[in-house]
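Residue numbers for the sequence shown follow my numbering, beginning at 3 and rising by one. Ideal Cβ placement from N, Cα and C applies to all residues, glycine included.
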Amino acid sequence: MTDYGVALPTVPDDEEIDPGAYLNEVRDVIGTMPEWSVRPLGYVGRFSFAKLVMFREIDQMLEHYAGNSVISALATGSEIGDTIRLGDSVPEVTPDQLDDLPLSDVYDVLDADSSQIVAIRKVQNGSHLVIEGPPGTGKSQTISNMIATLMGMGKSVLFVSEKAAALEVVHGRLRDVGLEEFTLSIHSKPDRGVIVRDLRRCLDGGTLPSVGDESLIERVQARRE
């Protein structure tokens, strides 16, 4: 329409609009154009609005999302350091303090060295952090422990990865330690039937798996002391 020097009126951004009133506005705009007319016709079609639910959720939760420093940094494109204060008001954890941590707060399900445990404890305390390292240095194992720890704290975890292989590795580690009932793996174009089945499995699961012999925990605590 720009090529003809015609600017159509803006469609009202309302859930309820009057099509007749809008078409009358269009008639007024094109009234000087020869052989142009407006015909009030309607067509029925099927359109996919799957993402509309996400847009509505964002609109309803906008204030809540804006208060999250990570989401704010990602959404505004600002420097991370301008919006995220790493470690502020979060207790620092050092390797020499690990033996002082109460065992009741430890939910690690896989082996971890001191540097990995420090990273897990920082996440447990609410820190934002970046873990870097070449392949084979235990990143997926650390992520699995982080997810298990947050689950033990009663939190929900969304693990996102650009590569499906990374999701499968972490999911496999959680499955191997008996936590599959509390996971839902979605990537690529998942089959809806599989998602429904996994959701039913999660809902029917109900309880966390046994942590094993509690006397072992007591012996470890006694050895610490």
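Residue i vs residue j beta-carbon contact at 8 Å
{"i": "Arg-203", "j": "Glu-183", "result": "yes"}
{"i": "Leu-112", "j": "Ser-146", "result": "yes"}
{"i": "Val-120", "j": "Thr-96", "result": "yes"}
{"i": "Val-159", "j": "Met-153", "result": "yes"}
{"i": "His-189", "j": "Leu-169", "result": "yes"}
{"i": "Pro-11", "j": "Val-40", "result": "no"}
{"i": "Leu-25", "j": "Pro-42", "result": "yes"}
{"i": "Leu-100", "j": "Ser-116", "result": "yes"}
Pairwise C-alpha distance: residue j and residue i
{"i": "Val-13", "j": "Ala-23", "result": "11 Å"}
{"i": "Ile-122", "j": "Leu-201", "result": "28 Å"}
{"i": "Gly-156", "j": "Gln-126", "result": "11 Å"}
{"i": "Glu-220", "j": "Met-56", "result": "47 Å"}
{"i": "Asp-16", "j": "Gly-195", "result": "36 Å"}
{"i": "Glu-65", "j": "Arg-29", "result": "40 Å"}
{"i": "Ala-224", "j": "Asp-98", "result": "18 Å"}
{"i": "Met-63", "j": "Glu-18", "result": "23 Å"}
{"i": "Phe-51", "j": "Arg-58", "result": "11 Å"}
{"i": "Val-46", "j": "Pro-21", "result": "15 Å"}
{"i": "Gly-174", "j": "Glu-134", "result": "21 Å"}
{"i": "Leu-218", "j": "Ile-60", "result": "47 Å"}
{"i": "Gly-89", "j": "Ser-71", "result": "Low confidence applies to Gly-89: its pLDDT is 49, below 50, so where it sits in the model is not reliable enough to give any reading."}
Element boundaries [alpha helix (DSSP H), containing residue i]
{"i": "Gly-57", "result": "With the sequence shown as reference, residue 57 is identified as Phe, and Gly is not the correct amino acid for it. Looking at the DSSP string, the run of the alpha helix (DSSP H) that includes Phe-57 is 54 to 62."}
{"i": "Val-40", "result": "That residue, Val-40, is in no alpha helix (DSSP H); it is neither H nor E in DSSP."}
{"i": "Pro-21", "result": "21 to 32"}
{"i": "Leu-176", "result": "166 to 178"}
{"i": "Lys-157", "result": "Here Lys-157 belongs to no alpha helix (DSSP H), and DSSP marks it neither H nor E."}
{"i": "Lys-124", "result": "116 to 126"}
{"i": "Ile-133", "result": "Where Ile-133 is concerned, there is no enclosing alpha helix (DSSP H), given that its DSSP letter is neither H nor E."}
{"i": "Leu-76", "result": "71 to 78"}
Residue environment, residue i, which counts as buried when at least 16 other CB atoms sit within 10 Å
{"i": "Ser-151", "result": "Note on residue identity: the sequence assigns Thr, not Ser, to residue 151. The residue in question, Thr-151, is buried, as its Cβ has 16 or more Cβ neighbours within 10 Å."}
{"i": "Lys-165", "result": "exposed"}
{"i": "Val-198", "result": "exposed"}
{"i": "Asp-73", "result": "In the sequence as displayed, the identity of residue 73 is Ile instead of Asp. When all chains shown are included, Ile-73 counts as exposed."}
{"i": "Met-148", "result": "buried"}
{"i": "Arg-48", "result": "exposed"}
{"i": "Lys-124", "result": "buried"}
Taking 8 Å as the threshold, find out whether the stretch 100 to 107 comes into contact with the stretch 133 to 140 through three or more Cβ pairs. These segments do not touch.
Does the stretch 25 to 39 come close enough to the stretch 3 to 12 to have 3 or more Cβ pairs within less than 8 Å? In short, these stretches touch, since the Cβ pair count reaches three.
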